[in-house]
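Single-structure report; data block below.
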């Protein structure tokens, strides 16, 4: 049956819908019984019975906040569980045995390096910085160079006392500063690794600041230069108070300290001081203004050296007695090399690579003292410095010929240091006698150790495993071993089992020939002769001059710890500078830090070698 759907379309009406009312009533009763036999869920009950009474939650009042008791219990429980777990883990960590990986103790060379640098603090003249760290030293020499009307210098306060006396000798002082600068340029990473980079740079600057006072450093040309401050002439029984006749603490000096100058004819001194300023300008290249000031001073000094030639010690009896210079040609090459590296100006390279320059400096002479590097003769150092240029930059023509000669001569010098060739004798204890048995041998041995280690590092950096001595090939390790034997001897591996560096080891010289170290700082001022009792005392020095390398033993390994014998017990600036350089070169493992290949070339322009001229046309 179909009806009409009001929404449209047919509406089907089932036949079952036509059932009688009685049938529908019976069906509803059956459904009611089925529904009542099934339990109602909460929702259904709520429909029928309305909302029921809800369970009351419990809270905890913490004073500043009210929280659910359930959350509070869970929070406290979690914290306690976490604390218990953390404590349990900590207990396990602390009770389980562990292997501690401690840093290895510093090697002997590093320990000695710290001490050797302290010697320079003890030698400072002038108004000392607060951090000088030498308790028995104070301000001194504050009137040096003052009060001289019409002079080219304003004051000469500062610098370093040379040795156990209180004279400021500019020639060896300049060499000492050059050596320190060279060591910083090559091994700055090692200095920094042991915490001494700022210290050694401060030592160098103390010297270069003083050098700039010794001539008109703002001028483009000069005609005068200070050679020394103080006097030590005691010839002909002179009793005039001076730095050698008197034995006084530097802080108590009251006698006149004369200033010596030269007005030309001091080429060696001027060129060496130029080397000191030029090398230091590379050390302080990050301080542009100061570096340029040093370069300008170096140029002025070198021009003065070249223009008015002569040995600074010629005709000067006092200087020639203590620091006599044998020639100035080696300083020309040495100073010119440092100026080339500091400026990149090829004019200096062209000058120092002229064959006549090398010939005059003795590059082809040989002789018993050939290869001995010292405050007097810089040829061995200059040749190594220029071999560096050939190894790493290879400038080629027109410099190649003489640079190859310097390189070959450097190789020969290194061969002469080896025990296989007997160029130099050795004591029974193994110390090389570079000064052929004369007193004060250690200063020469440390310089040779530095050159040998540095050449070894140059070859390693150039991926060259060694060098030839005639037909025999030697590894770079041989050079390092030579250097180590010499420094080890100085540090105590010798027949006397004594360290010749004060403060290093258990046994070292206690009667050092040094005025400041031998007189107590007890608020008593001892006059010129009053200090003689301390000079002649048999007691050890009341003040320890830490890091001072004394003059050293004799050719039989003998040593007399006597204050009045300076040939055994006096330290010097130049000697300690060589010691510092050798120590930093040897410190650490061989692979812990090699040389800095590039810093020294920072001012050198790119090399574009000029091709050699073509050969002359062939003719029959």
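Numbering (my numbering), first residue to last: 25 to 644. For every residue, glycine included, the Cβ atom is placed at its ideal position computed from N, Cα and C. Small disclaimer: the values here were computed from a predicted structure and weren't measured.
Residue span of the alpha helix (DSSP H) that contains residue i, given as start and end
i, result
"residue 602", "597 to 610"
"residue 414", "403 to 416"
"residue 426", "424 to 441"
"residue 175", "Unbroken run through residue 175: none, as it is neither H nor E."
"residue 327", "312 to 331"
"residue 467", "466 to 485"
"residue 347", "341 to 347"
"residue 461", "Looking at the DSSP string, residue 461 is not in any alpha helix (DSSP H), and its letter there is neither H nor E."
"residue 591", "590 to 593"
"residue 642", "No alpha helix (DSSP H) holds residue 642; DSSP gives it neither H nor E."
"residue 557", "556 to 559"
"residue 541", "539 to 542"
Cβ-based neighbour list, residue i, same chain, cut-off 6 Å, excluding 5 preceding and 5 following
i, result
"residue 59", "With a pLDDT of 46 at residue 59, under the threshold of 50, the modelled position of that residue is not reliable, and the figure given next carries that caveat. Result list for residue 59: empty, nothing under 6 Å."
"residue 198", "296, 297 and 300"
"residue 575", "464, 591, 592 and 594"
"residue 529", "516 and 523"
"residue 406", "357, 358 and 361"
"residue 547", "none"
"residue 569", "146, 526, 536, 538 and 541"
"residue 321", "236, 241 and 301"
"residue 374", "none"
"residue 231", "201"
"residue 558", "542 and 543"
Bridge-paired residues (DSSP) for residue i
i, result
"residue 490", "499"
"residue 169", "None; residue 169 has no bridge partner."
"residue 307", "DSSP lists no partner for residue 307."
"residue 193", "252"
"residue 450", "456"
"residue 525", "573"
"residue 184", "148"
"residue 164", "150"
Beta-carbon separation (whole angstroms), residue i vs residue j, contact threshold 8 Å
i, j, result
"residue 646", "residue 515", "Residue coverage of the chain in this structure runs from 25 to 644, which leaves residue 646 outside it and unanswerable."
"residue 190", "residue 277", "6 Å"
"residue 567", "residue 535", "The Cβ separation is near 12 Å, so there is no contact."
"residue 467", "residue 571", "Their Cβ separation, rounded to whole angstroms, is 15 Å, which puts residue 467 and residue 571 out of contact at 8 Å."
"residue 511", "residue 417", "That pair is no contact at about 30 Å."
"residue 152", "residue 169", "18 Å between Cβ atoms; not a contact."
"residue 184", "residue 144", "7 Å"
"residue 333", "residue 289", "7 Å"
"residue 501", "residue 210", "The pair is not a contact, with the Cβ atoms about 19 Å apart (cut-off 8 Å)."
"residue 352", "residue 364", "At roughly 18 Å, the Cβ-Cβ gap does not stay under 8 Å, so residue 352 and residue 364 are not in contact."
Own chain, CB closer than 7 Å to residue i, minus 5 neighbours either side, in chain order
i, result
"residue 410", "361, 427 and 430"
"residue 583", "520, 522, 577 and 592"
"residue 285", "248, 249, 250 and 251"
"residue 412", "482"
"residue 215", "208, 221, 224 and 608"
"residue 579", "451, 457 and 461"
"residue 423", "373 and 377"
Residues near residue i in its chain [Cβ-Cβ closer than 8 Å; skip 5 each side]
i, result
"residue 581", "451, 452, 453, 455, 518, 519 and 520"
"residue 497", "490 and 491"
"residue 626", "306 and 309"
"residue 233", "182"
"residue 445", "439 and 493"
"residue 387", "403, 407, 429, 430 and 433"
"residue 205", "228, 300, 303, 304, 306 and 307"
"residue 504", "476, 477, 480, 610 and 614"
Interface flag, residue i vs chain D, CB-CB below 8 Å
i, result
"residue 515", "This model lacks chain D altogether, as it is built from one protein chain only."
Residue i beta carbon near the ligand MG (any heavy atom closer than 7 Å)
i, result
"residue 598", "The model on display carries no ligand, and the ligand MG is accordingly not part of it."
Residue ranges of each beta strand (DSSP E) run of no fewer than 3 residues wholly in the stretch 217 to 291, ordered along the chain? Counting only runs of 3+ residues, the beta strand (DSSP E) found wholly inside the stretch 217 to 291 occupies 249 to 253 and 283 to 286, in chain order.
At what residue ranges does the stretch 359 to 391 contain a whole run of the alpha helix (DSSP H), taking only runs of 4 or more? 370 to 376 and 379 to 385
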